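Student:
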């Protein structure tokens, strides 16, 4: 086998392994939502209690993402990637075998731990395996698979629950995880970050702060925004995150160096990612319920009718990756976000208690194209905005902000929905859904504005402004090589 053939084979293996692992982690964000009634029938519990089968995963996933990335940088990214897969796979089997609600929630929390270790390392390992000139296409495929997983979670969960049983939502991960372990061990190349000691104070501040914020956001709609635990979580979490920022500006080996945010590329794409997930998660969460509860579709039928949105990343994201290689990530990301905002605004204008599928289809297609245009170039912008030794923590930070955005999106959308409507009748549901979708469209449009603040390509291939060159000269070689 020639060296070039071996290199291509390595790229293919890295792409398959990281995409499948990312698919599993992203899928489990929303895969349980359509199975909650069946789980309640088997295991008991009230609906607010059952929401913890979703929230326990989101909570541990979001809180530990940066810590998982830091562990990979310190002890070996491939080694920790294998550990993450093993934890996630074992916890999935435990969730499928759970005899009661408490054990199911505990297993879901452990699943989130495995995903938090595994997910940020998928992007770092893929970046290490793919030549800089080809990363846009690779990120396109990786982004397509992850976007499909996020958006198709309700379809897959509903179909398995309807036609087999809710336990198969979790059994699905077991053969995938076991199949990934041997090729991940043999085909991925080990790599490390800076080699510095773990930042224990920073880890505790960031994890505690994220836990408080996400806990408050998750429980706010159910417990009330003035509930003592909700307020305590939000205020304490906010205070800890402020402490984390102040500490990280002075710490020698900070887990997330604050100087990274001096890069407009890094700051802009992270702001856009948080806002995009806020608008997208909340919209999918409500629209999947609208198609079932108001229009009368089964979980499988609702998922199939959302395929023009959820399936579009498989078609468009690889093209978006190629475009980002040629013209830069900023115009592709911004275009995608404005497309998705337009799609959500259109959906808000056509939802009624008896809306035809033909009336909804344009909005679903436009939203799908917009989501597909976002994922691949966004990944490229994140990884090319920092030096190679800091790509692990950059990926962890970006994924953590996405998860926080998703939790915030569901909380904000649910609050708007509850204030303006409810589940009593189809009309009350539509009355709450419409302003929630308008809010989602506005937030995603704001994400598009944030994306426009990212520096564009300069002549010669650089995506960094002259001012940033002076402030961050160490970033220039990475950005140059990734944008050529």
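Residue numbers (our numbering): 255 to 738. For each residue, glycine too, the CB sits at the ideal point set by N, CA and C. For clarity, every value in this text was computed on a predicted model and none was experimentally measured.
Give the C-beta separation of residue 695 and residue 602 to the nearest angstrom, bearing in mind that I take them to be a contact with Cβ-Cβ under 8 Å.
Tutor: Right, their Cβ atoms sit about 7 Å apart.
Student: I'd like the list of long-range same chain contacts for residue 465, defined as Cβ closer than 6 Å, with 5 residues on each side in sequence excluded.
Tutor: 317
Student: What do you reckon, are the CB atoms on residue 446 and residue 262 nearer than 9 Å?
Tutor: The beta carbons of residue 446 and residue 262 sit no closer together than 9 Å.
Student: For residue 313, which residues in the same chain have their Cβ closer than 6 Å to its Cβ, ignoring the five residues on either side in sequence?
Tutor: 468
Student: Given a cut-off of 9 Å, decide if residue 293 and residue 420 are closer than it, judged by their beta-carbon atoms.
Tutor: yes
Student: Is residue 579 buried or exposed, if buried means 16 or more other CB atoms sit within 10 Å of its CB?
Tutor: By the 10 Å Cβ count, residue 579 comes out buried.
Student: Indicate whether residue 456 and residue 509 have their beta-carbon atoms separated by less than 9 Å.
Tutor: yes
Student: Going by C-alpha to C-alpha distance, which of 661, 461 and 371 sits closest to residue 329?
Tutor: Of the candidates 661, 461 and 371, the one whose C-alpha sits nearest the C-alpha of residue 329 is 371.
Student: Using 9 Å as the threshold, is the C-beta distance between residue 552 and residue 412 below it?
Tutor: yes
Student: Out of 346, 666, 708 and 554, which one is the CA nearest neighbour of residue 418?
Tutor: 554
Student: Does residue 440 pass the burial test, meaning 16 or more other C-beta atoms within 10 Å, or should it be called exposed?
Tutor: Taking all protein chains in view, the Cβ of residue 440 is surrounded by fewer than 16 other Cβ atoms within 10 Å, so the residue is classified as exposed.
Student: Count the CB pairs spanning the segment 608-625 and the segment 488-500 that are closer than 8 Å, and state whether there are at least three.
Tutor: no
Student: At what residues does the alpha helix (DSSP H) containing residue 546 begin and finish?
Tutor: Start and end: 518-547.
Student: How big is the Cα-Cα spacing for residue 460 and residue 492?
Tutor: Distance between the alpha carbons of residue 460 and residue 492: 10 Å.
Student: Hey, which unbroken runs of the alpha helix (DSSP H) at 4 residues or more fall wholly within the segment 555-637?
Tutor: 561-564, 566-581 and 583-604
Student: Is the segment 348-359 in contact with the segment 669-676, if contact means three or more CB pairs nearer than 8 Å?
Tutor: Contact between the segment 348-359 and the segment 669-676 is absent: fewer than 3 CB-CB pairs across the two stretches fall below 8 Å.
Student: How many whole angstroms separate the CB atoms of residue 684 and residue 607, which I take to be in contact at a CB cut-off of 8 Å?
Tutor: Their Cβ separation, rounded to whole angstroms, is 6 Å, which keeps residue 684 and residue 607 in contact under 8 Å.
Student: What do you get for residue 478, buried or exposed, if any count of 16 or more other CB atoms within 10 angstroms of its CB means buried?
Tutor: exposed
Student: Measuring only the C-alpha atoms, how far is residue 501 from residue 561?
Tutor: 45 Å
Student: Taking only three categories from DSSP, how would you classify residue 679?
Tutor: Three-state result, residue 679: coil.
Student: Measure the C-alpha to C-alpha separation of residue 713 and residue 584 and round it to an integer number of angstroms.
Tutor: The predicted position of residue 713 is uncertain, since its pLDDT is 47 and thus under 50; no value can be drawn from it.
Student: Taking the straight line between their C-alpha atoms, what separation do you get for residue 363 and residue 344?
Tutor: 12 Å
Student: Ordered along the chain, which non-local residues of its own chain (more than five positions away) have a Cβ less than 7 Å from that of residue 286?
Tutor: 307, 308, 411 and 423
Student: Suppose only complete runs of 3+ residues qualify. What are the beta strand (DSSP E) ranges in the segment 273-333, listed by chain order?
Tutor: none
Student: Of the choices 321, 548 and 556, whose alpha-carbon is the least far from that of residue 458?
Tutor: 321
Student: Please state whether DSSP places residue 480 in a helix, a strand or coil.
Tutor: coil
Student: Is the beta carbon of residue 527 closer than 9 Å to that of residue 701?
Tutor: Judged by beta-carbon spacing, residue 527 lies within the 9 Å limit of residue 701, meaning their Cβ atoms are closer than that value.
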